[in-house]
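As given, the protein sequences belong to chains A and B, one line each in that order.
In case it helps, the numbering used here puts the first sequence at residues 1 to 386.
In case it helps, the numbering used here puts the second sequence at residues 1 to 386.
Report on the structure given below.
There are 2 protein chains.
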Amino acid sequence: MRKVAVVGIGCTKLGEHWEKSLRDLSTESGALALKDAQVEGKEIEALFIGNMSAGRFVGQEHLAALAAEQAGLNPIPATRCEAACASGALAFARACSSIQAGEHDIVVAAGAEKMTDLKGTDAISTLMGAGDQEWESSMGLTFAGLYALMARAYMKKYGLTREELALVPVKNHHHGMNNPYAQFHMEIDVEKVKRSSMIADPLRLLDCSPITDGAATIILASEEAAKRFKNPVWVRGIGQASDTLALHNRADITYIAAAEHAAKKALQQAGIGIGKINVAEVHDCFSIAEILAYEAIGLAERGKSKDLLNNKETTIGGRIPVNTDGGLKMGHPVGASGIKQIVEIVKQIRGEAGNQVKGCDYGLAHSVGGSGATCVVSVFGKEEPE
Amino acid sequence: MRKVAVVGIGCTKLGEHWEKSLRDLSTESGALALKDAQVEGKEIEALFIGNMSAGRFVGQEHLAALAAEQAGLNPIPATRCEAACASGALAFARACSSIQAGEHDIVVAAGAEKMTDLKGTDAISTLMGAGDQEWESSMGLTFAGLYALMARAYMKKYGLTREELALVPVKNHHHGMNNPYAQFHMEIDVEKVKRSSMIADPLRLLDCSPITDGAATIILASEEAAKRFKNPVWVRGIGQASDTLALHNRADITYIAAAEHAAKKALQQAGIGIGKINVAEVHDCFSIAEILAYEAIGLAERGKSKDLLNNKETTIGGRIPVNTDGGLKMGHPVGASGIKQIVEIVKQIRGEAGNQVKGCDYGLAHSVGGSGATCVVSVFGKEEPE
Numbered sequence: 001m002r003k004v005a006v007v008g009i010g011c012t013k014l015g016e017h018w019e020k021s022l023r024d025l026s027t028e029s030g031a032l033a034l035k036d037a038q039v040e041g042k043e044i045e046a047l048f049i050g051n052m053s054a055g056r057f058v059g060q061e062h063l064a065a066l067a068a069e070q071a072g073l074n075p076i077p078a079t080r081c082e083a084a085c086a087s088g089a090l091a092f093a094r095a096c097s098s099i100q101a102g103e104h105d106i107v108v109a110a111g112a113e114k115m116t117d118l119k120g121t122d123a124i125s126t127l128m129g130a131g132d133q134e135w136e137s138s139m140g141l142t143f144a145g146l147y148a149l150m151a152r153a154y155m156k157k158y159g160l161t162r163e164e165l166a167l168v169p170v171k172n173h174h175h176g177m178n179n180p181y182a183q184f185h186m187e188i189d190v191e192k193v194k195r196s197s198m199i200a201d202p203l204r205l206l207d208c209s210p211i212t213d214g215a216a217t218i219i220l221a222s223e224e225a226a227k228r229f230k231n232p233v234w235v236r237g238i239g240q241a242s243d244t245l246a247l248h249n250r251a252d253i254t255y256i257a258a259a260e261h262a263a264k265k266a267l268q269q270a271g272i273g274i275g276k277i278n279v280a281e282v283h284d285c286f287s288i289a290e291i292l293a294y295e296a297i298g299l300a301e302r303g304k305s306k307d308l309l310n311n312k313e314t315t316i317g318g319r320i321p322v323n324t325d326g327g328l329k330m331g332h333p334v335g336a337s338g339i340k341q342i343v344e345i346v347k348q349i350r351g352e353a354g355n356q357v358k359g360c361d362y363g364l365a366h367s368v369g370g371s372g373a374t375c376v377v378s379v380f381g382k383e384e385p386e
Numbered sequence: 001m002r003k004v005a006v007v008g009i010g011c012t013k014l015g016e017h018w019e020k021s022l023r024d025l026s027t028e029s030g031a032l033a034l035k036d037a038q039v040e041g042k043e044i045e046a047l048f049i050g051n052m053s054a055g056r057f058v059g060q061e062h063l064a065a066l067a068a069e070q071a072g073l074n075p076i077p078a079t080r081c082e083a084a085c086a087s088g089a090l091a092f093a094r095a096c097s098s099i100q101a102g103e104h105d106i107v108v109a110a111g112a113e114k115m116t117d118l119k120g121t122d123a124i125s126t127l128m129g130a131g132d133q134e135w136e137s138s139m140g141l142t143f144a145g146l147y148a149l150m151a152r153a154y155m156k157k158y159g160l161t162r163e164e165l166a167l168v169p170v171k172n173h174h175h176g177m178n179n180p181y182a183q184f185h186m187e188i189d190v191e192k193v194k195r196s197s198m199i200a201d202p203l204r205l206l207d208c209s210p211i212t213d214g215a216a217t218i219i220l221a222s223e224e225a226a227k228r229f230k231n232p233v234w235v236r237g238i239g240q241a242s243d244t245l246a247l248h249n250r251a252d253i254t255y256i257a258a259a260e261h262a263a264k265k266a267l268q269q270a271g272i273g274i275g276k277i278n279v280a281e282v283h284d285c286f287s288i289a290e291i292l293a294y295e296a297i298g299l300a301e302r303g304k305s306k307d308l309l310n311n312k313e314t315t316i317g318g319r320i321p322v323n324t325d326g327g328l329k330m331g332h333p334v335g336a337s338g339i340k341q342i343v344e345i346v347k348q349i350r351g352e353a354g355n356q357v358k359g360c361d362y363g364l365a366h367s368v369g370g371s372g373a374t375c376v377v378s379v380f381g382k383e384e385p386e
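Structure below.
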């Protein structure tokens with residue numbers, strides 16, 4: 001397989017962009033990535049874009065061709081990938097595959113979602129398109145409800161307290177203070193989480209990622225093409241796995257099996273253990289999700305994530321900082337989040353992050369679609385693989 | 001690049017399946033393909049599925065994981081690809097790429113769409129998600145309207161008559177008589193087309209492909225894995241290209257530039273000229289689309305397609321039969337159509353088609369998304385490439 005490097009990154013501000021459309025956002029992040037890589041549009045050979053639900057959010061399918069047109073990239077091939085909130089990570093995986101297959105040398109992998117400007121729908125029911133329509137959405141379940149079920153089961157099984165659960169958003173809000181793209185810049189504490197509005201017991205408002213407009217783009221190059229770029233960050237491994245869409249079809253809802261499969265494969269491909277990873281971006285759509293992520297990627301044994309949180313091991317300055325940009329808590333434009341995570345990992349490995357981890361050689365991104373029916377884990381490294 | 005072969009095919013009956021859901025249809029076509037290939041589910045390493053708009057049609061995104069679950073394929077990676085009516089063709093292209101990259105040896109490429117069982121939407125506005133939402137859909141344009149504009153411009157420029165335009169559906173209904181999956185089994189004539197209801201002048205009801213539920217699946221194998229299969233049909237070339245989403249942004253609406261780019265690339269990769277192709281499936285969502293397809297893939301010079309139709313050269317028994325299964329006129333489950341076309345080409349090359357072309361060594365499939373913003377052209381051959 002040919003090696004692949006990330007040679008450019010771009011991300012819009014995350015938030016409510018009432019003055020910008022979906023096409024504006026995707027073009028903005030694309031232009032930032034081209035500038036960062038110092039490549040011209042005419043050198044881009046293909047475009048892959050992750051988007052979950054523009055069809056429902058803004059009435060627009062066929063988004064890849066639109067993004068290519070808007071960026072002046074026609075007639076290059078343009079492909080949209082979708083697996084709910086893991087859509088961006090899928091676009092990244094397919095972009096890498098196209099380089100490994102020898103189809104292309106320089107490609108764009110992007111993600112975009114416009115979630116605030118709704119036409120005849122609401123965000124909650126649109127997001128439930130990620131769950132099982134026949135058995136979950138139609139019964140009135142919401143995503144906060146699904147993750148609340150997982151949180152309750154986990155708390156009962158492993159004795160995680162309400163206070164320990166709150167340590168996740170407290171950390172991520174703290175990290176977000178140094179992220180210029182973050183949707184919020186506000187420190188919170190455990191008491192504030194506990195006093196925020198109840199959404200789906202035990203999850204409260206501050207346990208939930210926000211509704212976000214945003215886009216992120218990375219530029220990928222083959223090993224031959226990467227030689228001319230000054231700051232290549234190498235793709236060392238990618239794992240992707242699937243599981244049942246509906247939560248009730250899983251044997252145990254206190255862990256995410258697909259994430260464990262994906263992490264195992266990605267680390268195996270990278271040829272390293274989790275102990276070598278210096279920084280990770282994980283899918284914290286709800287507080288409980290970050291806890292499940294620790295255990296899926298192997299940072300903690302099942303039920304032991306609370307130790308990492310209580311000891312601040314995943315806070316900047318700790319042993320293995322997680323979500324150094326604040327994670328999805330600081331903005332979750334669903335189809336873009338998988339790419340946004342990679343932007344932060346690349347910044348860390350380059351040494352350009354807002355909350356810089358010292359001596360960052362390896363980073364990991366962990367993206368989840370729905371309640372865990374799709375997971376993608378990717379490993380990045382400073383050194384070119386052998 | 002590793003070689004890829006199609007080793008199994010399956011297609012549901014196309015039509016109104018009031019008693020079957022989207023998941024039922026995808027599983028049915030998958031089971032047929034597994035049986036045809038004589039492989040077991042546990043040998044499938046990845047799944048790619050094309051679907052245009054299940055989010056709006058039935059409230060379900062995240063379809064690839066659902067299809068994998070329903071077929072008992074978890075935890076394999078499952079990816080949905082979307083580019084409107086070319087979604088199936090995109091899933092096929094990404095599935096091939098994953099084999100060429102060395103990721104996998106045996107993968108499924110499928111397409112599925114459930115268009116009749118609508119929840120809070122209508123098919124016409126949902127299908128306009130393939131066009132430009134800001135500049136076409138929001139102004140009230142429909143897809144019949146867009147293709148009507150193209151038809152009018154073409155008729156004026158090249159002197160195509162209403163009667164000549166009708167020869168496309170007359171031929172395709174004739175071909176459909178021998179297609180067991182066809183949504184309709186009824187011969188029509190030019191007069192019947194001319195007397196059918198006006199949809200968007202000059203296009204009448206019988207110029208339009210129907211609203212269809214259906215799914216199609218093919219199984220792909222690497223050259224090493226293909227050795228054990230008895231009837232491999234080889235992928236010889238794939239071309240994909242993009243163009244502007246909105247019709248008003250194109251220099252000329254009497255041809256589809258992306259289809260020309262895609263066809264050129266696919267034939268170049270196959271190392272053959274269009275003259276070698278014995279059968280083609282082209283995207284005839286409206287009568288005019290088949291005419292534009294002839295010219296895009298090089299069967300006729302611009303403006304000369306009427307000669308092919310008047311001389312019955314594209315009818316079974318003619319020089320280069322096109323849409324021998326009746327094309328999309330016999331059923332257009334939008335996200336599945338790109339795979340359904342490949343099913344027919346594979347049957348032709350195997351010698352198993354309803355309207356069999358004699359001595360069929362090479363076949364071509366041509367798939368269009370929207371009014372031509374995405375096009376994928378693929379070439380298949382009986383002989384393994386060198």
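Using N, Cα and C, we set each Cβ at its ideal position, and we do this for glycine too.
When CB distances to chain A are screened at a threshold of 7 Å, the residues of the segment 73 to 97 of chain B falling below it are 74, 75, 76, 77, 78, 79, 80, 81, 82, 83, 84, 90, 94 and 97, in chain order. Comparing alpha carbon positions, the residue from 384(A), 28(A) and 211(A) closest to residue 361(A) is 384(A). Taking the CA atoms as reference points, residue 287(B) sits about 30 Å from residue 73(A).
At least one beta carbon of chain B lies nearer than 9 Å to the beta carbon of residue 244(A). Within chain B, 74, 75, 76, 77 and 78 have C-beta atoms less than 9 Å from the C-beta of residue 241(A), given in sequence order. Per DSSP, the beta-bridge partners of residue 240(A) are 376(A).
Close partners of residue 268(A) in chain B (Cβ separation under 7 Å) are lacking, with about 14 Å as the shortest Cβ gap.
The secondary-structure analysis by DSSP pairs residue 233(B) across a beta bridge with 6(B). One thing to note: residue 151(A) has its Cβ within 9 Å of the Cβ of residue 203(A). Residue 5(B) has a beta carbon lying at 9 Å or more from every beta carbon in chain A. Contact with chain A is found for residue 126(B), since one of that chain's Cβ atoms lies less than 9 Å from the residue's Cβ. Look at residue 258(A): its C-beta is under 9 Å from a C-beta on chain B. The way I'd put it, the segment 27 to 42 of chain A doesn't touch the segment 79 to 98 of chain A; fewer than three beta-carbon pairs between them come closer than 8 Å. In the structure shown, the three-state DSSP call for residue 130(A) is helix. In the DSSP assignment, residue 346(B) falls within the unbroken alpha helix (DSSP H) covering 337 to 350. With the criterion set as a beta carbon lying under 8 Å from some beta carbon of chain B, the segment 145 to 169 of chain A has no members that meet it.
For residue 138(A), the closest Cβ of chain B is nearer than 9 Å.
In this structure, the beta-carbon distance from residue 363(B) to residue 379(B) falls below 9 Å.
The C-beta of residue 115(A) comes no closer than 9 Å to any C-beta of chain B.
Pairing residue 374(B) with residue 68(A), the inter-Cα distance amounts to about 10 Å. Under the rule that a run must span 3 or more residues, the beta strand (DSSP E) segments found entirely inside the segment 59 to 134 of chain B read 78 to 82 and 106 to 113. Residue 386(A) and residue 224(A) have their C-alpha atoms spaced approximately 14 Å apart. The beta-carbon separation of residue 222(B) and residue 99(B), rounded to 5 Å, stays under the 8 Å limit for a contact. For residue 294(B), the uninterrupted alpha helix (DSSP H) segment begins and ends at 287 to 297. Within the segment 137 to 162 of chain A, the complete alpha helix (DSSP H) segments of 4 residues or longer fall at 143 to 158, listed in chain order.
Residues 236, 237 and 379 of the same chain have their beta carbon placed closer than 6 Å to that of residue 270(B), with the five preceding and five following residues left out of the count. Rounded to the nearest angstrom, the Cβ distance from residue 56(A) to residue 121(A) is 5 Å, consistent with a contact under 8 Å.
In the three-state reduction of the DSSP assignment, residue 282(B) falls in the coil class, being assigned neither a helical nor a strand state. For residue 367(B), there is no enclosing alpha helix (DSSP H); the enclosing beta strand (DSSP E) has its first and last residue at 362 to 369. By the criterion of a C-beta distance shorter than 7 Å, residue 126(A) is surrounded in its chain by 53, 56 and 57, once the five residues flanking it on both sides are discounted. The C-beta distance from residue 330(A) to residue 172(A) rounds to 7 Å, short enough to meet the 8 Å contact threshold. For residue 103(B), a Cβ of chain A is located within less than 9 Å of the residue's own Cβ. Assignment of beta-bridge partners to residue 216(B) by DSSP yields 11(B) and 111(B). Note that the C-beta distance between residue 370(B) and residue 123(B) is not below 9 Å. A Cβ-Cβ separation of about 20 Å leaves residue 339(A) out of contact with residue 296(A) under the 8 Å criterion.
Distance from residue 323(B) to residue 281(B) at the Cβ level is roughly 6 Å; contact confirmed, criterion being Cβ atoms closer than 8 Å.
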